[in-house]
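K.L.:
Chain order of the listed sequences is U and V.
Quick note: the first sequence uses my numbering, first residue 1, plus one each step.
Quick note: the second sequence uses my numbering, first residue 167, plus one each step.
Backbone N, C-alpha and C fix where the C-beta goes; we use that ideal spot for every residue, glycine too.
First the structure, which I've put down as structure tokens, then a few questions once you've had a look.
Number of protein chains: 2
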Amino acid sequence: MTNSGKLRFKNMRVLAIDPGFGRCGVAVVEKENGKERLILSECIETSAKDTFPERLAEVCNACERVIIEAKPQYVAIEKLYFATNQKTAMQVAEVRGALIALAARYKLPVSEYTPMQVKSALGYGKADKKQMAKMIHLLVKIEKPIRYDDEYDAIAIGVTHLAHSR
Amino acid sequence: MTNSGKLRFKNMRVLAIDPGFGRCGVAVVEKENGKERLILSECIETSAKDTFPERLAEVCNACERVIIEAKPQYVAIEKLYFATNQKTAMQVAEVRGALIALAARYKLPVSEYTPMQVKSALGYGKADKKQMAKMIHLLVKIEKPIRYDDEYDAIAIGVTHLAHSR
């Protein structure tokens, strides 16, 4: 690819988050010259022995480290799925709020996507976790092992953001 | 009061928040030598023209200013009331989460109180807003005009925290 080719395409780097307080999936996905590749992904895990504010702070601190290290230009986060357990839904909303405020501190625009939007962006509709993982490997260049489903979920949100930003 | 008398009582300063994204009541209440007094109170208002992340950031920034200026040792925040409007409930939960994470950044312990706990701490059970305001003036030394109900709500949460910390 020539330099002029490079100039034609915008490089986009997004921090994608599947919010949670027990497990939070995080991925940084980049689109360069029209190709998606994974920069990093991880699953932040917190201990049920800690208080909720402690777990919330731990998730935020881990995401802040990723912002500082990977320097994303955008944040994409899953919009709350109306869970059957309302207490859990509220706590996930609290994590979302903390992460939206974190993004604001770094002046990163936040986009929100529903699980339905993520599914249709990846075109896997009713696929199970395994099929979804396969699909993600077809769409994104991934050069590291992925250990957790939460990481795949975050990568999927990142891919959705890149697809919506075309 | 003598110096030895002052030593017997702990000085406690709490930042109390009635969370919201359109209007957020904030108060700093102090208990010194067994007496409550209001240090400051305000109602943070955000514009419906702004995006939700912008409004969330505005509330957080205003609360951060209060933490820096008034140097509270504790944060007390109203626990989510299960609203009939679930979308609003989720957004208030997001504000709560952002504020809990803010408190964690300043290493301030967070206590949460339900509206029921606030009511019973003030002993006003079924009182209306006007009676509640009167009650607050009896309990707390207030030397400034209070303009908004949201401020009274925040002061009530602060009083509840001081009562629970006896």
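Counting only the same chain and skipping the five closest in sequence on each side, list residues whose C-beta sits under 7 Å from that of K134(U).
P.N.:
There are no such residues.
K.L.:
Measure the C-alpha to C-alpha separation of A101(U) and P219(V) and round it to an integer number of angstroms.
P.N.:
Taking the straight line joining both Cα atoms gives about 7 Å.
K.L.:
Just to confirm my understanding: we take S41(U), look at its own chain, exclude 5 residues before and 5 after, and list those with CB closer than 7 Å. What are they?
P.N.:
The answer, listed in chain order, is V26, A27, I146, E151, A154 and I155.
K.L.:
If you scan the segment 91-165 of chain U from start to end, which runs of the alpha helix (DSSP H) of 4 or more residues do you find wholly inside it?
P.N.:
List check, alpha helix (DSSP H) in window: 115-122, 129-139 and 149-164.
K.L.:
Compute the distance between the beta-carbons of K79(U) and T114(U), then report whether it is under 9 Å.
P.N.:
Yes; because the gap between Cβ atoms is below 9 Å, this pair is in contact.
K.L.:
For H330(V), count the other beta carbons within 10 Å of its own beta carbon; 16 or more makes it buried, fewer makes it exposed. Which is it?
P.N.:
Burial call: exposed.
K.L.:
Beta strand (DSSP E) containing L246(V): first to last residue?
P.N.:
L246(V) -> no beta strand (DSSP E), and no H or E assigned at all.
K.L.:
Just to confirm, are L328(V) and E235(V) a CB contact at a threshold of 9 Å?
P.N.:
Not a contact, by the Cβ cut-off of 9 Å.
K.L.:
Taking 7 Å as the limit between beta carbons, can you name the residues of its chain near P185(V), skipping five residues before and five after?
P.N.:
For P185(V), where only same-chain residues beyond five positions count, the Cβ hits under 7 Å are I243, E244, V258, V261, R262 and L265.
K.L.:
Near Y314(V), what residues of its chain come up, given a Cβ to Cβ distance below 6 Å and the 5 sequence neighbours on each side ignored?
P.N.:
If we look at Y314(V) and ignore the five residues flanking it on each side, its Cβ neighbours are C209.
K.L.:
Considering only the alpha carbon of each residue, which of P275(V), Q239(V) and A293(V) lies closest to V195(V)?
P.N.:
The shortest C-alpha separation from V195(V) is found at Q239(V).
K.L.:
Chain U beta carbons: is any one of them nearer than 9 Å to that of G171(V)?
P.N.:
In this predicted model, G171(V) has a pLDDT of only 45, less than 50, meaning its place in the structure is not dependable enough to derive any value.
K.L.:
Check whether chain U comes within 9 Å of C226(V), counting only Cβ atoms and requiring the distance to be less than that.
P.N.:
Yes, C226(V) counts as interfacial toward chain U.
K.L.:
Find the residues of chain V that neighbour V110(U), judging by a C-beta separation of less than 8 Å, and give them in chain order.
P.N.:
What V110(U) touches in chain V: P219.
K.L.:
Between which residues of its own chain and T2(U) is the CB-CB distance below 8 Å, once the five residues before and five after are set aside?
P.N.:
Because T2(U) carries a pLDDT of 45, less than 50, the predicted location of this residue cannot be relied on, and the following value inherits that uncertainty. None.
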